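Residue numbers (our numbering): 43 to 415.
Encoded as structure tokens, the structure appears first; notes follow it.
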Ligand code: SF4
Ligand code: SF4
């Protein structure tokens with residue numbers, strides 16, 4: 043693959059990118075404003091992007107606030123991740139209909155839709171790579187995930203703003219986008235100019251970029267784009283040493299901290315719902331009251347619910363302590379045994395969207411400190 047030559051796109055150029063992707067038949071998903079939050083949804087033009095907004099995030103805290111400029115990507119990740127499009131919250135697996143006394147199974151239609159994702163951050167690209175490993179990398183390939191993932195065009199964005207709960211630097215997953223993208227943008231607003239330094243990361247990206255109104259980036263503009271990620275890396279909201287987590291957590295399975303966190307944890311499962319890598323599901327059946335049809339659905343589930351581990355006689359993990367410990371040790375330790383990487387990309391969502399502000403980095407610090415003391 044040829045090395046990507048950085049180019050400059052104006053706002054009109056960005057709109058041309060949106061049109062080029064839609065013209066190629068992609069369903070374009072990107073950040074937009076809804077319900078006082080930045081959420082991922084269908085995008086028709088750059089006018090749908092959250093121009094001039096940023097977010098304030100902390101443990102159990104998320105607020106939108108106005109920026110002093112018209113940045114289109116000047117915020118960190120929100121509650122939604124790309125998981126909801128590649129691994130949707132509810133998926134019908136099959137349906138059956140009764141017809142003149144016999145029952146026949148109706149096959150699910152083949153998915154023809156191809157996504158284009160606009161505004162994917164470095165941490166979320168790593169999260170997609172982790173889910174690729176889970177759904178595509180083992181002996182069982184998830185055919186629905188595969189169909190959604192194939193042909194998806196990824197326009198990534200280098201983060202210019204670290205959220206209050208971000209710790210991608212600690213997890214080596216950001217803020218600079220390094221792989222897994224077709225195009226990557228760095229937004230620069232300087233001296234009255236609003237533009238994007240863009241690089242291609244794939245042949246598909248180069249092909250689309252070649253169609254857009256653009257010019258070659260000057261060295262000063264490439265340096266300015268580098269400075270954006272350097273500054274973001276220096277302003278992470280959280281930090282967590284990550285090189286010894288397997289040993290630290292697996293060596294402390296009976297630490298009193300698990301009881302302390304369990305006193306605060308509501309076992310609401312928010313953290314698993316917002317996490318871009320959590321993938322657990324349950325399968326449920328539903329039928330019409332008149333018996334005319336039935337369907338089987340797969341829906342997101344969570345290790346925080348009692349039902350998730352219910353087998354004959356009760357739940358395997360009956361206490362909040364055991365459920366929180368299962369989640370955190372899987373995410374940061376046993377995920378490595380299972381899939382070869384951490385299950386955490388440092389996006390901070392589980393901290394922001396925990397209603398009682400439980401902070402995975404703080405829990406690790408507490409166990410580490412008691413060890414070193
Ligand atoms: S850690 Fe927070 S978000 Fe997760 S289950 Fe407990 S209370 Fe809910
Ligand atoms: S565990 Fe928390 S910080 Fe880590 S990837 Fe999941 S939501 Fe993000």
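Ideal Cβ positions, reconstructed from N, Cα and C, are used throughout, including at glycine.
Fair warning: this is a prediction, and the values are worked out from it, not measured in the lab.
As assigned by DSSP and simplified to three states, the class of residue i
i, result
"residue 261", "helix"
"residue 378", "helix"
"residue 103", "strand"
"residue 402", "helix"
"residue 352", "strand"
"residue 76", "strand"
"residue 270", "helix"
Chain D contact for residue i (CB, 8 Å cutoff)
i, result
"residue 179", "This model lacks chain D altogether, as it is built from one protein chain only."
Residue from the options with nearest C-alpha to residue i
i, options, result
"residue 208", "413, 366, 394", "394"
"residue 326", "50, 94, 131, 120", "131"
"residue 120", "334, 95, 352", "95"
"residue 113", "145, 342, 74, 364", "74"
"residue 285", "212, 274, 360, 109", "212"
"residue 267", "232, 255, 387", "232"
"residue 352", "324, 97, 334, 254", "324"
Residue i: first and last residue of the uninterrupted beta strand (DSSP E) it sits in
i, result
"residue 256", "No beta strand (DSSP E) contains residue 256, which DSSP labels as neither H nor E."
"residue 238", "235-242"
"residue 137", "132-141"
"residue 79", "79-84"
Segment limits, alpha helix (DSSP H) that includes residue i
i, result
"residue 199", "Where residue 199 is concerned, there is no enclosing alpha helix (DSSP H), although the beta strand (DSSP E) it sits in stretches over 195-199."
"residue 154", "From DSSP, residue 154 is part of no alpha helix (DSSP H); its letter is neither H nor E."
"residue 300", "299-306"
Strand pairing of residue i, partner residues [DSSP]
i, result
"residue 95", "108"
"residue 70", "158"
"residue 342", "323"
"residue 230", "237"
"residue 337", "137, 328"
Distance between residue j and residue i (C-alpha atoms, nearest Å)
i, j, result
"residue 70", "residue 63", "7 Å"
"residue 262", "residue 103", "38 Å"
"residue 408", "residue 307", "16 Å"
"residue 203", "residue 378", "29 Å"
"residue 77", "residue 106", "10 Å"
"residue 124", "residue 81", "10 Å"
"residue 43", "residue 226", "For residue 43, the pLDDT reaches just 44, beneath the cut-off of 50, and the residue's location in the model is therefore unreliable, although a value from the coordinates is still provided. Whole-angstrom Cα-Cα distance: 16 Å."
"residue 147", "residue 177", "25 Å"
"residue 391", "residue 397", "12 Å"
"residue 84", "residue 387", "25 Å"
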